[in-house]
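J.: Pasting a structure here, questions to come.
Protein chains: 2
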Amino acid sequence: MSDQSNDPATQDGSLAARGKPRVYQNTVKRLAFSILKGDFPAGHVLPPETDLCDKLGISRSALRESVRALKDKGMLIARPRHGTIVQPRSAWHLLDADLLNWSMEVDPDAEFVFSLFEARQVIEPAAARLSAMRATSGDIEAMEAAFADMSAAKAAGDFQRFNEADIAFHLALLRATSNVVFIQLSNMIGTALAIAFRMSIARAHEPGESLSQHGDLIEMIRARDPIGAENVMTRLLAVAGIDLGLSNRGPSKS
Amino acid sequence: MSDQSNDPATQDGSLAARGKPRVYQNTVKRLAFSILKGDFPAGHVLPPETDLCDKLGISRSALRESVRALKDKGMLIARPRHGTIVQPRSAWHLLDADLLNWSMEVDPDAEFVFSLFEARQVIEPAAARLSAMRATSGDIEAMEAAFADMSAAKAAGDFQRFNEADIAFHLALLRATSNVVFIQLSNMIGTALAIAFRMSIARAHEPGESLSQHGDLIEMIRARDPIGAENVMTRLLAVAGIDLGLSNRGPSKS
DNA sequence: GTCAAGTAATAGTCTGACTAATGAGATGGG
DNA sequence: CCCATCTCATTAGTCAGACTATTACTTGAC
């Protein structure tokens, strides 16, 4: 809930940029949540700009910048005479960093959670494989640092910190692929992990064998064993999937 | 180069929305290309808003909406007193639909092309597998329609149309996964295919066995054979990789 | 009933001013 | 001479109100 997190680790250049909160930021978030929570369903026409300005107590230029941002995320479309219309979910840019953060705060949405996890099952084993081929010493150090943090957090019983270190580990692994596309998917993977954490604390669940698997992963990468790394990651995700109650619907036939 | 394509197939809710060109759109594109082409390198501070308005001959509100869009794409960052600063490529949201389109028009950028293709090698075989498990009759019809179009285009020697039909085929396959994350990656896959087309026409290359492989793929999906579909897609991409001159650096050991 | 012209509603654009954040320089005390 | 503090200039952020362009709807003629 630390809205103005000033840790330099946050590399997402979206909202939450350092600095005092601005009118624009508040308005974007307010409108976005109204849409996400269903107060403004798909197809809903929101009030004319001038009316909406009065209602929100802001100027038209500030409102327009907010609407611009939501239009660029595919959530709104504006046409003269028609007004500004809420788009259906299918049109949203669900991998947008802000949208991922917002979705996490309101809407578990089983289908989306499943899609995120299934995407992880596809992408992360491949990422592990590529990391084993290309990771630099700096990449490996980043993963080791995250792993050490995971260990310390588990020893301390600090689940929150464990989750953050877990995310840091997986993002470091993505970075180690040197593939810009996978690196761009960091937000998606991070969100998937954060959601998984929320769901697992709801079941009073604890790390379990996850930690040792992360250790094995580092070993495989350090040993430059692509196949081994891929296999460990696949197993790691299988365990995570069971924890989530997502019996993965037969991605590999038995 | 049909800038205002009015075909209803374009589902991207980004720019290029139907309607007459607006001041805002022109300005975004103009600024974006200045950055992409390197006229405004990373770290460059662009002129104060008032000056820039004069230079571009537009009002400040129009400029600010343009800058807002580019900030949301991670290309710019603005701070009072400092000005508006061009961000390094690493901060850009490279999977943004607009950014993908723009990148394609100016910058082949070997590393990015390789990353795109490598991502295809990871995602598309899995997508083929999932499609074989879940594709509806409507999904299969869409793929068959695209395949028929590919065949006709090849017969007519129309490479441009062949490429468009090829893209339509792969997007239909992604849609058939019913996985929203993969569907969101349509823009990335489509761009990768469009770039591949541009590179292959530069080598005066023609479809070759690609067509029959797409046919096999439909057969596997219709037969509900996930493993078979995955294998066909893997082979299809291997051929495409050779055409591109990208000797894929050992994703699967021999 | 069909088609055309006119009208009203709305987003898009322009202008110009004021506010707030912030780095750099000036000022003062130690 | 060095350091903390204050002041100020610069710039993005916000506000206000007007005008323009687009387009659905209405009205009227045929």
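Going down the list, the sequences are from chains L and W.
When the letters of the first sequence are read in order and numbered with my numbering, they come out as residues 1295 to 1548.
When the letters of the second sequence are read in order and numbered with my numbering, they come out as residues 1295 to 1548.
In this text, a Cβ means the ideal position worked out from N, Cα and C, and glycines have one as well.
As the structure is a prediction and not an experimental result, all values here were calculated from the model.
Name the two residues that bound the continuous alpha helix (DSSP H) containing Leu-1357(W).
T.: Against the second sequence, residue 1357(W) aligns to sequence position 63. From DSSP, the alpha helix (DSSP H) with Leu-1357(W) extends over 1354 to 1366.
J.: If you follow the alpha helix (DSSP H) that Arg-1428(L) is in, where does it begin and where does it stop?
T.: On the first sequence, position 134 is the one that residue 1428(L) refers to. Note, Arg-1428(L): alpha helix (DSSP H), 1404 to 1428.
J.: How about Trp-1396(W) and Ala-1326(W): do their beta carbons lie closer than 8 Å?
T.: Your numbering for residue 1396(W) matches position 102 in the second sequence. Your numbering for residue 1326(W) matches position 32 in the second sequence. It is a contact, given that the beta carbons lie within the stated cut-off.
J.: Taking the straight line between their C-alpha atoms, what separation do you get for Lys-1331(W) and Val-1400(W)?
T.: Taking the first residue of the second sequence as 1, we reach residue 1331(W) at position 37. Taking the first residue of the second sequence as 1, we reach residue 1400(W) at position 106. Each residue's Cα considered, the two are about 7 Å apart.
J.: If you reduce the DSSP assignment to three classes, tell me which class Thr-1471(L) lands in.
T.: On the first sequence, residue 1471(L) is found 177 positions in, with the first residue counted as 1. DSSP places Thr-1471(L) in coil when its eight states are reduced to three.
J.: Cα-Cα, which of Ser-1472(L), Ala-1523(L), Val-1526(L) is closest to Glu-1405(W)?
T.: What you label residue 1405(W) is simply residue 111 of the second sequence in a count that begins at 1. Answer by Cα proximity: Ser-1472(L).
J.: Quick one: what's got a C-beta closer than 6 Å to Gly-1377(W)'s C-beta in the same chain, skipping five residues either side?
T.: Start at 1 with the first residue of the second sequence, and residue 1377(W) comes out as number 83. Cβ within range, chain order: Val-1339.
J.: Identify whether Asp-1297(W) lies in helix, strand or coil by the three-state DSSP scheme.
T.: Here residue 1297(W) corresponds to residue number 3 of the second sequence, with the count starting at 1. Residue placement at Asp-1297(W) is flagged as unreliable, the pLDDT there being 34, under the threshold of 50; a coordinate-derived value is accordingly withheld.
J.: Hey, which unbroken runs of the alpha helix (DSSP H) at 4 residues or more fall wholly within the segment 1431 to 1514 of chain W?
T.: You should have 1431 to 1450, 1453 to 1470, 1474 to 1478, 1480 to 1495.
J.: So is Ala-1420(W) in contact with chain L if we call contact Cβ pairs under 8 Å?
T.: The residue you call residue 1420(W) lines up with position 126 of the second sequence. True, the Cβ-Cβ gap to chain L drops below 8 Å.
J.: Any C-beta of chain L sitting closer than 8 Å to the C-beta of Ala-1413(W)?
T.: As a working mapping, residue 1413(W) is identified with position 119 in the second sequence. So yes, Ala-1413(W) belongs to the interface.
J.: With 8 Å as the threshold, decide whether the Cβ of Phe-1334(L) is near any Cβ in chain W.
T.: Translated into the one-based positions of the first sequence, residue 1334(L) becomes position 40. Output row for Phe-1334(L): interface = no.
J.: Shortest alpha-carbon distance to Asp-1392(L) belongs to which of Ile-1352(L), Asp-1348(L), Met-1527(L), Arg-1324(L)?
T.: Counted from its first residue, the first sequence places residue 1392(L) at position 98. Asp-1392(L) has its Cα closest to that of Arg-1324(L), out of Ile-1352(L), Asp-1348(L), Met-1527(L), Arg-1324(L).
J.: Going straight from the alpha carbon of Leu-1531(L) to that of His-1464(W), what length do you get?
T.: Within the first sequence, numbered from 1, the residue matching residue 1531(L) stands at position 237. Within the second sequence, numbered from 1, the residue matching residue 1464(W) stands at position 170. Distance between the alpha carbons of Leu-1531(L) and His-1464(W): 27 Å.
J.: Rounded C-beta distance between Arg-1455(L) and Ala-1447(L)? I'm assuming under 8 Å.
T.: Here residue 1455(L) corresponds to residue number 161 of the first sequence, with the count starting at 1. Here residue 1447(L) corresponds to residue number 153 of the first sequence, with the count starting at 1. Right, the Cβ-Cβ distance comes to about 4 Å (below 8 Å), so this counts as a contact.
J.: Whose C-alpha, out of Pro-1382(W), Ile-1379(W), Ala-1385(W), Ala-1426(W), is nearest the C-alpha of Pro-1520(W)?
T.: As a working note, residue 1520(W) is residue 226 in the second sequence. The candidate whose alpha carbon is nearest that of Pro-1520(W) is Ala-1426(W).
J.: Use the C-beta contact count for Ile-1495(L): other C-beta atoms within 10 angstroms, 16 or more gives buried, fewer gives exposed.
T.: The residue given as residue 1495(L) occupies position 201 in the first sequence. The residue in question, Ile-1495(L), is exposed, as its Cβ has fewer than 16 Cβ neighbours within 10 Å.
J.: Would you report the Cα separation of Cys-1255(W) and Val-1474(L), rounded to the nearest angstrom?
T.: Since the first residue of chain W shown is 1295 and the last is 1548, residue 1255(W) is not available in this structure.
J.: Does any CB atom of chain L fall closer than 8 Å to the CB of Ser-1409(W)?
T.: Translated into positions along the second sequence, residue 1409(W) becomes position 115. For Ser-1409(W), the answer is yes, since a Cβ of chain L falls inside 8 Å of its Cβ.
J.: CA-CA distance, Ser-1445(W) and Leu-1505(W)?
T.: Locating residue 1445(W) in the second sequence gives position 151, counting from the first residue. Locating residue 1505(W) in the second sequence gives position 211, counting from the first residue. The alpha-carbon atoms of Ser-1445(W) and Leu-1505(W) are separated by roughly 7 Å.
J.: Assuming the contact rule is C-beta atoms closer than 8 Å, Leu-1410(W) and Met-1482(W) should be a hit. Round their C-beta distance to whole Å, please.
T.: In the second sequence, counting from the first residue as 1, residue 1410(W) sits at position 116. In the second sequence, counting from the first residue as 1, residue 1482(W) sits at position 188. Indeed they touch by this definition, with Cβ atoms about 7 Å apart.
J.: For the pair the segment 1509 to 1523 of chain W and the segment 1412 to 1430 of chain W, tell me if three or more CB-CB distances fall below 8 Å.
T.: Contact holds: three or more Cβ-Cβ distances are below 8 Å.
J.: Near Asp-1398(L), which residues of its chain fall below 7 Å by C-beta distance, leaving aside the five closest residues on each side in sequence?
T.: Taking the first residue of the first sequence as position 1, residue 1398(L) is located at position 104. The question names Asp, yet the displayed sequence has Met at residue 1398(L). These residues qualify, in order along the chain: Thr-1485, Ala-1488, Ile-1489.
J.: For the alpha helix (DSSP H) containing Arg-1324(W), name the first residue and the last one.
T.: As a working mapping, residue 1324(W) is identified with position 30 in the second sequence. Here the alpha helix (DSSP H) through Arg-1324(W) covers 1317 to 1330.
J.: Thinking just about the alpha-carbon of each residue, which of Glu-1412(W), Met-1437(W), Arg-1373(W), Pro-1402(W) is nearest to the one in Glu-1513(W)?
T.: In the second sequence, residue 1513(W) corresponds to position 219, counting from 1. Measuring from the Cα of Glu-1513(W), the nearest candidate turns out to be Met-1437(W).
J.: Output the distance between the C-alpha atoms of Ile-1379(L) and Thr-1321(L), rounded to the nearest integer angstrom.
T.: The residue labelled residue 1379(L) in the question sits at position 85 within the first sequence. The residue labelled residue 1321(L) in the question sits at position 27 within the first sequence. In a straight line, the C-alpha of Ile-1379(L) is about 17 Å away from that of Thr-1321(L).
J.: When the Cα atoms are used, what is the spatial distance from Ile-1536(W) to Arg-1529(W)?
T.: Locating residue 1536(W) in the second sequence gives position 242, counting from the first residue. Locating residue 1529(W) in the second sequence gives position 235, counting from the first residue. So the two alpha carbons sit approximately 11 Å from each other.
J.: Under a three-way DSSP split, which group does Leu-1346(W) fall into?
T.: On the second sequence, position 52 is the one that residue 1346(W) refers to. Three-state DSSP puts Leu-1346(W) in a helix.
J.: For Glu-1359(W), return the contacting residues in chain L, with the cut-off set at a CB-CB distance below 8 Å.
T.: In the second sequence, counting from the first residue as 1, residue 1359(W) sits at position 65. Correct list: Arg-1358, Glu-1359, Arg-1362.
J.: Check Arg-1375(W) in the structure and name its three-state DSSP category.
T.: Looking up residue 1375(W) in the second sequence gives position 81. Note: Arg-1375(W) maps to coil in three-state DSSP.
J.: Does DSSP put Leu-1370(W) in a helix, a strand or coil?
T.: Taking the first residue of the second sequence as position 1, residue 1370(W) is located at position 76. Residue state, collapsed to three classes: strand.
J.: Name, please, each residue of chain L whose Cβ falls closer than 8 Å to the Cβ of Val-1475(W).
T.: Walking along the second sequence from the start, residue 1475(W) turns up at place 181. In chain order: Leu-1388, Leu-1389, Ser-1409, Leu-1410, Glu-1412, Ala-1413, Met-1482.
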